[in-house]
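Here our numbering is used: the first residue of the sequence shown is 528, the next is one more, and so on.
We put the beta carbon where it would ideally sit given N, CA and C, even for glycine.
What follows is a set of notes on a single structure, which appears directly below.
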Amino acid sequence: MKVAIVGATGLVGRKIISEIDRIGLDIDEFYLFATEKSSGTVIPVNGKSYEVKPLSPAAVNGLKADFALFSAGKDVSRAYAKLFIKNGATVIDNSAAFRMDGDVPLVVPEVNPEDVTACRKLIANPNCSTIQAMLAIKPIEDAFGVERVVYVTFQAVSGAGNGGIEDLKNGFFGIPSKKLPKNIYSDCIPQIDSFSDEGYTLEEWKMINETRKILHRPDMKITATCVRVPVFNCHSESVNLKLKKPFDIKDVAAVLKAAKGVKYYEGDSYPTAADADGQAIVHIGRLRKDFSEENSLNFWCVADNLLKGAATNAVQILELIIKRQNSTK
Numbered sequence: 528m529k530v531a532i533v534g535a536t537g538l539v540g541r542k543i544i545s546e547i548d549r550i551g552l553d554i555d556e557f558y559l560f561a562t563e564k565s566s567g568t569v570i571p572v573n574g575k576s577y578e579v580k581p582l583s584p585a586a587v588n589g590l591k592a593d594f595a596l597f598s599a600g601k602d603v604s605r606a607y608a609k610l611f612i613k614n615g616a617t618v619i620d621n622s623a624a625f626r627m628d629g630d631v632p633l634v635v636p637e638v639n640p641e642d643v644t645a646c647r648k649l650i651a652n653p654n655c656s657t658i659q660a661m662l663a664i665k666p667i668e669d670a671f672g673v674e675r676v677v678y679v680t681f682q683a684v685s686g687a688g689n690g691g692i693e694d695l696k697n698g699f700f701g702i703p704s705k706k707l708p709k710n711i712y713s714d715c716i717p718q719i720d721s722f723s724d725e726g727y728t729l730e731e732w733k734m735i736n737e738t739r740k741i742l743h744r745p746d747m748k749i750t751a752t753c754v755r756v757p758v759f760n761c762h763s764e765s766v767n768l769k770l771k772k773p774f775d776i777k778d779v780a781a782v783l784k785a786a787k788g789v790k791y792y793e794g795d796s797y798p799t800a801a802d803a804d805g806q807a808i809v810h811i812g813r814l815r816k817d818f819s820e821e822n823s824l825n826f827w828c829v830a831d832n833l834l835k836g837a838a839t840n841a842v843q844i845l846e847l848i849i850k851r852q853n854s855t856k
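Structure below.
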């Protein structure tokens with residue numbers, strides 16, 4: 528089996544490589560691609576060393592990779608995903624390029640694995656903030672039904688790539704931000720991505736629309752406010768849900784304790800970004816009733832946005848496809 532990684536030298540690309548190493552997937556050959564600037568970089572994968580090549584149509588044509596994992600931005604995905612597919616690869620894309628396309632499944636393996644079928648040659652990895660929320664909301668939706676979702680996110684600068692990290696480091700020395708719209712050091716920025724005509728940012732619309740698509744609930748009422756905070760890594764979220772029927776908070780806690788890929792914190796204990804850093808699971812705490820609204824609750828949700836929010840989820844999709852293929856042989 529041969530796997531290409533596009534954007535191999537970026538934050539998420541390197542995490543994809545480390546996750547493949549950690550899991551020990553049986554892969555015969557890797558093809559690593561990045562920009563001309565990163566060309567020539569040597570990266571070890573599965574005990575072998577691979578040189579990063581510049582991405583070009585000539586490099587893709589005739590490559591014959593079985594899978595291509597993209598993490599190089601939506602423009603690169605739009606330019607090259609279908610070329611990889613034409614050359615025989617199944618593409619798992621981490622950008623926003625195809626997430627809302629009707630014929631492209633948007634997948635969190637613990638939530639909607641049934642959306643991955645043998646005929647699908649292009650699968651989208653959801654937005655990092657959406658992924659971590661789904662691991663909590665889906666089991667609650669299954670048990671009680673969810674009528675409305677209110678998201679408030681506190682997103683680390685690593686979500687903006689190396690540029691976001693540099694902005695936070697440089698801010699300590701009074702150097703103006705280059706990647707983020709305002710200086711992030713010792714401040715919070717209530718803007719992630721550009722604004723739409725309605726006053727929402729594109730990040731907020733991603734969370735709204737992706738949640739509906741993953742849960743197959745186009746009718747679900749959802750609103751979101753996304754904030755960039757001066758934390759290097761791991762996103763935190765405050766989530767408010769209005770359920771369709773009455774509940775006992777102990778029953779909701781039991782559902783979350785049993786949820787796949789989740790660590791639940793009892794009582795007064797709760798997770799922070801530091802607890803989630805470097806872990807491929809979602810941490811949930813501060814579960815409580817919202818007494819201002821009937822059948823409503825709040826919880827706190829934290830995850831490593833580079834791992835479960837991106838690389839781990841993509842590799843889990845890859846694992847899921849491989850298992851499906853092996854079971855049909």
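query                                                                                                                             : result
Reduced DSSP secondary structure (H/G/I, E/B, other) of residue 782                                                               : helix
Length-filtered (3 minimum) beta strand (DSSP E) runs lying within the region 742-800                                             : 748-755, 762-770, 789-791
Pairwise C-alpha distance: residue 705 and residue 625                                                                            : 27 Å
Classification of residue 764 by the beta-carbon crowding that lies within 10 angstroms, buried from 16 upward                    : buried
Contained beta strand (DSSP E) runs [length at least 3] in the region 622-668, N- to C-terminal order                             : 649-651
Distance CB(residue 766)-CB(residue 660) smaller than 7 Å                                                                         : yes
Helix, strand or coil at residue 824 according to DSSP, with G and I counted as helix                                             : strand
Validate contact between the region 744-754 and the region 633-646 using beta carbons, cut 8 Å, 3 pairs                           : no
Entirely enclosed alpha helix (DSSP H) segments - the region 539-576, minimum 4 residues                                          : none
Residues near residue 841 by beta carbon distance below 7 Å, same chain, minus five either side                                   : 543, 596, 619, 621, 652
Which listed residue (835, 851, 818) has its alpha carbon closest to that of residue 775                                          : 818
Helix, strand or coil at residue 729 [DSSP, three-state]                                                                          : helix
Cβ contact (3+ pairs, closer than 8 Å) linking the region 686-697 and the region 800-818                                          : no
Paired residues, beta bridge with residue 532 - DSSP                                                                              : 559, 596
Meets three-Cβ-pair contact criterion under 8 Å: the region 576-586 and the region 556-564                                        : yes
Span of the beta strand (DSSP E), counted from its first residue to its last, around residue 676                                  : 673-682
CB contact flag (residue 699, residue 712, <7 Å)                                                                                  : yes
Cβ-based burial, residue 528 [other Cβ within 10 Å; buried from 16]                                                               : exposed
Beta-carbon contacts of residue 648 that lie in its chain and below 6 Å, excluding the five residues immediately before and after : 612, 617
For residue 602, the three-state DSSP class (helix, strand or coil)                                                               : helix
Neighbourhood of residue 816 by C-beta, 6 Å cutoff - its chain only, sequence neighbours within 5 removed                         : 776, 824
Other residues of its chain near residue 733: CB distance less than 7 Å, five sequence neighbours each side excluded              : 623, 654, 657
Reduced DSSP secondary structure (H/G/I, E/B, other) of residue 691                                                               : helix
Collapsed DSSP secondary structure at residue 830 in the structure displayed                                                      : strand
Rounded separation between residue 675 and residue 738 - CA only                                                                  : 11 Å
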